[in-house]
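K.L.:
2 protein chains.
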Amino acid sequence: MKLNQSTDMALRIAMLTAASPARTTVDELATQLALSRSHVAKVVQRLQRIGVLVTVRGRFGGVAFAEQAGDLTVGQVVRAFEGDDEVVSCEQSGCPLIAGCRLRGELRRAQAAFLGVLDGVRLNDLVDGPAGPLLLRIGGLASGAGERPPEDGR
Amino acid sequence: MKLNQSTDMALRIAMLTAASPARTTVDELATQLALSRSHVAKVVQRLQRIGVLVTVRGRFGGVAFAEQAGDLTVGQVVRAFEGDDEVVSCEQSGCPLIAGCRLRGELRRAQAAFLGVLDGVRLNDLVDGPAGPLLLRIGGLASGAGERPPEDGR
Numbered sequence: 022m023k024l025n026q027s028t029d030m031a032l033r034i035a036m037l038t039a040a041s042p043a044r045t046t047v048d049e050l051a052t053q054l055a056l057s058r059s060h061v062a063k064v065v066q067r068l069q070r071i072g073v074l075v076t077v078r079g080r081f082g083g084v085a086f087a088e089q090a091g092d093l094t095v096g097q098v099v100r101a102f103e104g105d106d107e108v109v110s111c112e113q114s115g116c117p118l119i120a121g122c123r124l125r126g127e128l129r130r131a132q133a134a135f136l137g138v139l140d141g142v143r144l145n146d147l148v149d150g151p152a153g154p155l156l157l158r159i160g161g162l163a164s165g166a167g168e169r170p171p172e173d174g175r
Numbered sequence: 022m023k024l025n026q027s028t029d030m031a032l033r034i035a036m037l038t039a040a041s042p043a044r045t046t047v048d049e050l051a052t053q054l055a056l057s058r059s060h061v062a063k064v065v066q067r068l069q070r071i072g073v074l075v076t077v078r079g080r081f082g083g084v085a086f087a088e089q090a091g092d093l094t095v096g097q098v099v100r101a102f103e104g105d106d107e108v109v110s111c112e113q114s115g116c117p118l119i120a121g122c123r124l125r126g127e128l129r130r131a132q133a134a135f136l137g138v139l140d141g142v143r144l145n146d147l148v149d150g151p152a153g154p155l156l157l158r159i160g161g162l163a164s165g166a167g168e169r170p171p172e173d174g175r
C-alpha cells in the first residue's frame, strides 16, 4: 500500500517549507528534495491551490509556506492529493464480485481510520521543536541553500 | 493509496472461496474473477502458505477454503501480502529529509489504524448472511461453475 507519488512529494514539500519562513523556488525544492523539477512544479501549483504555499512576487520571488498553513493537517493534504480513490480498484478492474462485496466497505472504513489519524496531525506539528531546524539544515546541506545571503530572511 | 495488486487479488480469492465449501481450481478462480491465470496461481500458492486455502487431492482436486480460515482476519491477509512496506518509500527514494522527518512516524501510526480496522474483520464476516450465496451466484454466472455436478459438494 503506497501513497501516490504526488502525495508523497506534496508532504515532503509541505514539511520542508513549513520548517522555513523564507521563500523558496521550485528549483531549490527540486534540488533539496532530490526530485524532478517538473513534478515539483506541478505539486507546488497544487499546494498553492489548497493554501499550503503562497506566491512571493518580486526580484527574490518564489513560493513560501502560507501564514496560516501550519494549522492545515496532513490529512487535508493527503485527501487533496489522493482524491476519492479507494485502496482497491473495483470498477476499473471490472471485478465481478462487486455486487456482493462486503470487503469494499471494510476497506473504506480502514481508509477512513488511516485519514483520521492524519487529520489529527497539523503541518506545524511536523516541524515543532528540534525537527524544524534539523530539516532546514538537511535541506541546506543538500542544496547549498544555507549559504543564502541574510536578506533572504533565514 | 492503493493496495498491491497481489493483496487485492488475494482478498477477492479469499472472499470467493470462503463463500463456498467446495473445491475450486486456479483456472476456475481466474475465470470467475476475470484475472490472469499466472497471477492467480502465485496468489493461491501464497494463500495456501498462510492457511487460507488447502490443497484438495484426487481426480476432482484443486484448492478449497481451509476449515479454520474463516477466523483469519482481513488484516492478517493484508499484512501477509503487503509485508512491512510503508506507505511512503523513504529509503528507496533517497529522501534527504529522512533524519529529521516526523511524518514517517505519523504515517506509520495511520497505517496501523488502517490495519487495526481490518484486524477486526474475519474472512467469515465477508460472507455471512446473504453475501455468501450472492457471491457464489455471481462467481457461478461468470464461469458456469453453478452447473457443476452435485457430487462436487455444492
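So the sequences go chain by chain: A and R. The first sequence: position 6 = 27 (the numbering used here), numbered continuously. The second sequence: position 29 = 50 (the numbering used here), numbered continuously. Every residue, glycine too, gets a C-beta built ideally from N, C-alpha and C.
Between which two residues does the alpha helix (DSSP H) holding T52 (chain R) run?
P.N.:
Locating residue 52 (chain R) in the second sequence gives position 31, where the first residue counts as 1. Start and end: 47-54.
K.L.:
Count the other CB atoms within 10 Å of the CB of S41 (chain R); is the residue buried (16 or more) or exposed (fewer)?
P.N.:
Position 20 of the second sequence, counted from the first residue, corresponds to residue 41 (chain R). Classification for S41 (chain R): buried.
K.L.:
Could you tell me the distance, in whole angstroms, from the CA atom of I159 (chain R) to the CA atom of L147 (chain R)?
P.N.:
Along the second sequence, read from residue 1 onward, the residue named residue 159 (chain R) stands at position 138. Along the second sequence, read from residue 1 onward, the residue named residue 147 (chain R) stands at position 126. Distance between the alpha carbons of I159 (chain R) and L147 (chain R): 15 Å.
K.L.:
Taking the straight line between their C-alpha atoms, what separation do you get for I192 (chain A) and L54 (chain A)?
P.N.:
Given that chain A is displayed from residue 22 to residue 175, the structure contains no residue 192 (chain A) and the question cannot be resolved.
K.L.:
Give the single residue among A:F86, A:S59, A:R129, A:K23 whose Cα lies nearest to the Cα of I258 (chain A).
P.N.:
In the structure as shown, chain A begins at 22 and stops at 175. Residue 258 (chain A) is therefore absent and cannot be evaluated.
K.L.:
For the structure I just gave you, are there three or more beta carbon pairs, one from the region 118-129 of chain R and one from the region 64-78 of chain R, closer than 8 Å?
P.N.:
Note that the region 118-129 of chain R does not touch the region 64-78 of chain R; fewer than 3 beta-carbon pairs, one per stretch, sit closer than 8 Å.
K.L.:
Smallest Cα separation from R29 (chain A): which of A:T45, A:H60, A:V47?
P.N.:
Looking up residue 29 (chain A) in the first sequence gives position 8. The residue asked about is misnamed: residue 29 (chain A) is Asp in this sequence, not Arg. Minimum Cα distance to D29 (chain A) is reached at A:H60.
K.L.:
Going by DSSP, name the residue or residues bridged to A85 (chain R).
P.N.:
Residue mapping note: residue 85 (chain R) aligns to position 64 of the second sequence, counting from 1. According to DSSP, which records beta bridges pairwise, A85 (chain R) is partnered with R:V75.
K.L.:
Output yes if chain R places a C-beta closer than 9 Å to the C-beta of R130 (chain A); else output no.
P.N.:
As a working mapping, residue 130 (chain A) is identified with position 109 in the first sequence. So, interface residue.
K.L.:
Within the same chain, show all residues whose beta-carbon is closer than 8 Å to that of D92 (chain R), passing over the 5 residues directly before and after it, in chain order.
P.N.:
Numbered from its first residue, the second sequence carries residue 92 (chain R) at position 71. Excluding positions up to five away in sequence, the list reads R143, L144, N145.
K.L.:
For the region 66-97 of chain A, list every residue whose C-beta sits within 9 Å of some C-beta in chain R, in sequence order.
P.N.:
V95, G96
K.L.:
Is it buried or exposed for G165 (chain A), if we count other Cβ within 10 angstroms and need 16 for buried?
P.N.:
Translated into the one-based positions of the first sequence, residue 165 (chain A) becomes position 144. Low local confidence applies: a pLDDT of 40 at G165 (chain A) is under 50, so the model's placement there is unreliable, with the coordinate-based value given in what follows. Exposed, because fewer than 16 other Cβ atoms sit within 10 Å of the Cβ of G165 (chain A).
K.L.:
Give the interface partners of G121 (chain R) over in chain A, defined as CB-CB distance under 7 Å, in chain order.
P.N.:
Working through the second sequence from its first residue, we reach residue 121 (chain R) at position 100. Near G121 (chain R) (Cβ distances below 7 Å), the residues of chain A are A152, L155, L156, I159.
K.L.:
Since D105 (chain A) meets chain R, which of its residues come closer than 7 Å, beta carbon to beta carbon?
P.N.:
Here the question's residue 105 (chain A) lines up with position 84 in the first sequence. For D105 (chain A), none of the residues of chain R pass the 7 Å Cβ criterion, the least Cβ distance being about 11 Å.
K.L.:
By DSSP's criteria, T94 (chain A) is part of a beta bridge. Which residues make up the other side?
P.N.:
For the purposes of this step, residue 94 (chain A) is identified with residue 73 of the first sequence, where counting begins at 1. DSSP lists A:R143 as partners of T94 (chain A).
K.L.:
Does any residue of chain A bring its CB to less than 9 Å from the CB of K63 (chain R)?
P.N.:
Here residue 63 (chain R) refers to the residue found at position 42 when the second sequence is read from its first residue. Judged by the 9 Å Cβ criterion, K63 (chain R) is not in contact with chain A.
K.L.:
So, at 7 Å on beta carbons, what are the nonlocal neighbours of V64 (chain A) in its own chain, with the 5 sequence-adjacent residues on each side left out?
P.N.:
Within the first sequence, residue 64 (chain A) is the residue found at index 43, counting from 1. The answer, listed in chain order, is S27, M30, A31, I34.
K.L.:
How many Å lie between G153 (chain A) and M36 (chain A) at the Cα?
P.N.:
For the purposes of this step, residue 153 (chain A) is taken as the residue at position 132 of the first sequence. For the purposes of this step, residue 36 (chain A) is taken as the residue at position 15 of the first sequence. Spanning the two alpha carbons is a distance of roughly 9 Å.
K.L.:
Is the CB-CB distance between V84 (chain A) and T45 (chain A) below 9 Å?
P.N.:
By 1-based counting over the first sequence, the position of residue 84 (chain A) is 63. By 1-based counting over the first sequence, the position of residue 45 (chain A) is 24. For V84 (chain A) and T45 (chain A), yes; Cβs fall inside 9 Å.
K.L.:
Write down the C-beta distance between L24 (chain R) and E107 (chain R) rounded to the nearest angstrom, noting that I regard them as a contact closer than 8 Å.
P.N.:
Against the second sequence, residue 24 (chain R) aligns to sequence position 3. Against the second sequence, residue 107 (chain R) aligns to sequence position 86. About 14 Å; that fails the 8 Å criterion.
K.L.:
Measure from the C-beta of S59 (chain A) to each C-beta in chain R and report whether the shortest distance is under 9 Å.
P.N.:
As a first step, residue 59 (chain A) must be located in the first sequence, where it is residue number 38. By this cut-off, S59 (chain A) is not an interface position.
K.L.:
Which chain A residues are close to V142 (chain R), counting only those with a beta carbon under 7 Å from its beta carbon?
P.N.:
Here residue 142 (chain R) is taken as the residue at index 121 of the second sequence, counted from 1. Neighbours of V142 (chain R) on chain A, chain order: E127.
K.L.:
In whole angstroms, give me the CA-to-CA distance for V95 (chain R) and Q132 (chain A).
P.N.:
Along the second sequence, read from residue 1 onward, the residue named residue 95 (chain R) stands at position 74. Along the first sequence, read from residue 1 onward, the residue named residue 132 (chain A) stands at position 111. Using only the alpha carbons, I get a separation of about 14 Å.
K.L.:
Give a yes or no on whether the C-beta atoms belonging to L139 (chain R) and E49 (chain A) are separated by under 9 Å.
P.N.:
Numbered from its first residue, the second sequence carries residue 139 (chain R) at position 118. Numbered from its first residue, the first sequence carries residue 49 (chain A) at position 28. Contact: no.
K.L.:
Anyone know if the C-beta pair for L68 (chain A) and V99 (chain A) falls short of 9 Å?
P.N.:
To locate residue 68 (chain A), count along the first sequence from 1; it is residue 47. To locate residue 99 (chain A), count along the first sequence from 1; it is residue 78. Going by beta carbons, L68 (chain A) and V99 (chain A) fall outside the 9 Å limit.
K.L.:
Is there a Cβ of chain R sitting closer than 9 Å to that of T38 (chain A), yes or no?
P.N.:
For this step, residue 38 (chain A) is matched to residue 17 along the first sequence. By this cut-off, T38 (chain A) is not an interface position.
K.L.:
Counting only beta-carbon separations shorter than 9 Å, does T46 (chain R) have a partner in chain A?
P.N.:
Along the second sequence, one-based indexing puts residue 46 (chain R) at 25. Judged by the 9 Å Cβ criterion, T46 (chain R) is not in contact with chain A.
K.L.:
By DSSP's criteria, K23 (chain A) is part of a beta bridge. Which residues make up the other side?
P.N.:
Mapped onto the first sequence, residue 23 (chain A) falls at position 2. Answer is R:K23, bridged to K23 (chain A).
K.L.:
Could you have a look at E107 (chain A) and say whether DSSP puts it in helix, strand or coil?
P.N.:
In the first sequence, counting from the first residue as 1, residue 107 (chain A) sits at position 86. Reduced to three states, the DSSP call for E107 (chain A) is coil.
K.L.:
Any idea what DSSP makes of P154 (chain R), helix, strand or coil?
P.N.:
Stepping through the second sequence from its first residue, residue 154 (chain R) is reached at position 133. The answer is helix: DSSP assigns P154 (chain R) an H, G or I state.
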